[in-house]
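This report concerns only the one structure given below.
In the working numbering, the protein residues as written are 77 to 1185.
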């Protein structure tokens, strides 16, 4: 151990002096790792409870924990972005004037002309693709839409496609399709399979829903793809190959990456800013290979078609003139329920008008084709919930068939027109442009970047929905974290039950049903009118209720699974649904209420507190639970007393409750494992009581007599600062408002201005106002003004200190953990927001620093990658707001400030050194996008963040312009800690608890720092709804930037160039087989065979089929 501490000091010294001299540091690090490895190898008894005996954290309880990054692993971030694309979206936004001239019939475009003889050498090929856009919930609930519309569409599809084998139809949402399938007879099912086999009916994308691409986290997007694709494989035996996303409000390259890795060759998008569409139309770049910003090669390229016009409806898909295209939407024939707003109705096609009508639509087809590089044209034919009635199928298909027959019979028209599926179009396109299935071509440009923030006309930017209904955006992420924990624990418990001959006892089938339902409810919520907050009030309640029920069910799956995993004697395992073994520590009483903690009753006998770590790295994290007595002793899994802080449980700002006391301690839990702690009602020298100061601002005293447990000082708000500090930083807060003002980082002794404030946005006085989708503010935000200073409550404690400010609309808490390692290095921010009494207002939290960020900031896309942003003065405020799923940062040459988020919200950096996030919005009117209501169902909402300030070094000049950026490893870990908190639970029975293991360690050691276990998801058996003996292991290797100070990071892991030895992965279980698969399990690579070592490249997400024994 002495040897190790000398090495540790050497490293510290070297890192200070020679940040760039990686060579020497690597060698010393390697020797340290080898030393620690040999300690680990000496500990071969898998049941040994001190799982981390060999980990460096135990060797250096007080010194900073060593963390080793192989210098090879730093190359990816430094090289990334060096490969240029033909079209880089950041440059496009830079050069576009964003003016909005009248383009004639194509309002947002230009006049398109052509020469009659352009098709002499090669006729125009037209594919008319009938589709029906079915929202799984929007103006009606999922079930109501299914009952009223969707089932009829699908029933008619089976009949009408069989009437003529030239007819085609595409479908995307499996949530609806599976519900319909479950209710139809075998004859109909065979007909559907035949239609698919004959190429008349195609499933496109094939996810559970068509997900939103701004607010959805990649975990949930992948999960709903797997759910859909697995359903298709089991029921239809089909594998979709093209993506279809006509309605999400802006598009993310994360989606392109995921589709490519599921094995797709093509994709289509529609909602892109009208100025970008026009620019792409002039450049003929509407079809391109979409490549990831970080890709050093071309392995992420996927062919993408961007629809050129305003909408996916029929008036905007046959060509540039909606007045003419509308006349070819035969559902709008006179006498029907829908008509054309351009006041010229369609005419049924007959011998007398066919020549003229064929010319009319051919003229539109030709004009549209002039925006593309080939003689192959896509003309979608559909709209929301179309083709419900048999008559509509006849109107569209019969009239179009007459037009096709006429055109095809007149060679002088130089056109071949037909119905087609999406894949028919892409296949013809690839043939025409000599593109093989795989090879990229010089024919289409390569594009990198994203398509946010979307505007469909004027200054109508769709940045409001990045925040709308934030309560449910938060609930979504809580459910994701529980679902992932439940999936992993269930998969392990399933293997354990078969090893212990308890298959007949363990409730595997019931719990698998609950898991499946939770996957589907989470999947449903990724829909682009669900997580977006853009549905009717009662539809929101329907989604919320589904999420809430699944949350309760997942807690049962988690506790049932832990029951068998933690028992010492598996032979004694028995399951009784009426007597649960464990209960969760927090309770949520309804779909729209915040969770609260239960109170654990202490006695002289130990109460067991089981703590689950959902992360794949060993972890030190603070756990807080409520108990009924301030006399408490906490014992670690090794039976040693641990240091405890006792804090008051408050009722409002100033009243102490004596029903409950909060105890907090630093828990140490193995990766993906459990630690069993004991709580006893006995005095302990390890217990420290927190001190309080309450700033009252002239209110009367709150205490008649001093509190019997806590020291509470009452003060007046004053100009003196409130100060919190730990070993990493010192914080100054305003003595008047209680808000943060500056941070001193102890490593370099520097002070950084860091002002936190709140601000209000209103909505414009124009006719068009903000609503669920649109953000149309009335100018810059106004400061949040309070007449009296707020009550401010300050706690100083051994484990954490905090400042809580009680404003009228928000209770703002900033907490600093007094612990070594990761949790002590960032600030925890919680805002309990309540704007239920407001009128057309939006509440923002703004952080103003002295960082020279120069109009640049960075936001993540779907928790998967970072997209650099440019705040542009030529655009209105609402255009400079971007989606943040998990983080946003600003930086200069010396520091980076990251705001980590536990929920998706809209974020901006409107001034140098600023980051602001919109926390909730209450809007009294509709914004004319079809919803027909404002957003007035606000809830008391908890927004949770972590603020991380990091020192950077070795940055270069060109970096500011780079199209790519990466978080540090510390930042990635901080995000994981925030999104996957430890899960505490207690045993039910006060007595008669069977003997448990002290710890459960499923992994041999922590995974490498940069490898994240996205999921370990038990695969459904082929025949019914039961589990199989296979699971999908999904891993993500994160890209990270090494140019940050690595002293004291407290990371309990190292990096290994993306290599994982499979047999060294699991501790209690043996890997029987592990074979690579495509992302959603649809395909196996041709050379897929059992592997013993996983090799992952940076940024990649890989799926494996795994069998454990």
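Don't be surprised by glycine CBs; every beta carbon is placed ideally from N, CA and C.
With contacts defined as CB atoms closer than 7 Å, residue 456 and residue 207 qualify as a contacting pair. By the neighbour-count criterion, in which a residue is buried when 16 or more other Cβ atoms sit within 10 angstroms of its Cβ, residue 1099 is exposed. Out of 439, 472 and 502, the CA that lies nearest to the CA of residue 483 is found in 439.
In the three-state reduction of the DSSP assignment, residue 209 falls in the strand class. A residue is called buried when at least 16 other Cβ atoms come within 10 angstroms of its Cβ; residue 1019 meets this threshold and is buried. Rounded to whole angstroms, the gap between the alpha carbons of residue 1114 and residue 934 is 17 Å.
If you look at residue 732, you'll find it in the beta strand (DSSP E) that goes 731 to 745. Taking 7 Å as the cut-off, the beta carbon of residue 671 is found no closer than this to the beta carbon of residue 661.
Residue pairing of residue 859 in beta bridges, as defined by DSSP: 835. Short of 6 Å from the beta carbon of residue 618, and not among the five residues preceding or following it, lie these beta carbons of its own chain, in chain order: 217.
Residue 881 sits in a strand when the DSSP states are folded into three classes.
With a 10 Å radius around the Cβ and a threshold of 16 neighbouring Cβ atoms, residue 636 comes out buried. Contact between the segment 1037 to 1056 and the segment 940 to 955 is present: 3 or more CB-CB pairs across the two stretches fall below 8 Å. By the criterion of at least three beta-carbon pairs nearer than 8 Å, the segment 747 to 762 is in contact with the segment 704 to 721. The three-state reading of DSSP puts residue 401 in helix, counting H, G and I together. In this structure, residue 996 places its C-beta atom within 7 Å of the C-beta atom of residue 919. The bridge partners DSSP lists for residue 366 are 378 and 523. Of the candidates 222, 563 and 400, the residue whose Cα lies closest to the Cα of residue 1092 is 563.
Residue 169 carries a helical assignment under DSSP once its states are collapsed to helix, strand and coil.
In terms of Cβ geometry, residue 905 and residue 991 do not form a close pair [threshold 7 Å]. In this structure, residue 1013 sits away from residue 577, with a CB-CB distance that is not shorter than 7 Å.
For residue 373, no beta strand (DSSP E) encloses it, and the DSSP letter there is neither H nor E. When beta bridges are read from the DSSP output, residue 890 appears opposite 879 and 905. In this chain, residue 475 is not harboured by any beta strand (DSSP E); it is covered by the alpha helix (DSSP H) spanning 466 to 485.
In the three-state reduction of the DSSP assignment, residue 439 falls in the helix class, which pools H, G and I. Note: residue 801 is bridge-paired with 806 in the DSSP secondary-structure output.
Between residue 164 and residue 525, the gap from beta carbon to beta carbon is short of 7 Å. By a beta-carbon distance limit of 8 Å, residue 688 does not contact residue 631. Their separation comes to about 11 Å. Straight through space, the alpha carbons of residue 827 and residue 797 are spaced by roughly 15 Å.
The C-beta distance from residue 222 to residue 233 rounds to 14 Å, too long to fall under 8 Å, and the pair is not in contact.
Secondary structure remark: continuous beta strand (DSSP E) runs of at least 3 residues inside the segment 605 to 670, in chain order: 658 to 660. One Cα belongs to residue 333, the other to residue 394, and the distance between them is close to 29 Å.
With a cut-off of 8 Å on Cβ pairs, the segment 284 to 302 is in contact with the segment 586 to 606, counting three or more such pairs. For the set 569, 594, 852 and 902, the Cα lying nearest the Cα of residue 534 is the one of 852.
Taking the C-beta atoms as reference points, residue 1121 is found nearer than 7 Å to residue 1027.
Leaving aside the five residues that flank residue 764 on each side, the residues in its chain whose CB is nearer than 6 Å to its CB run, in chain order, 721 and 874.
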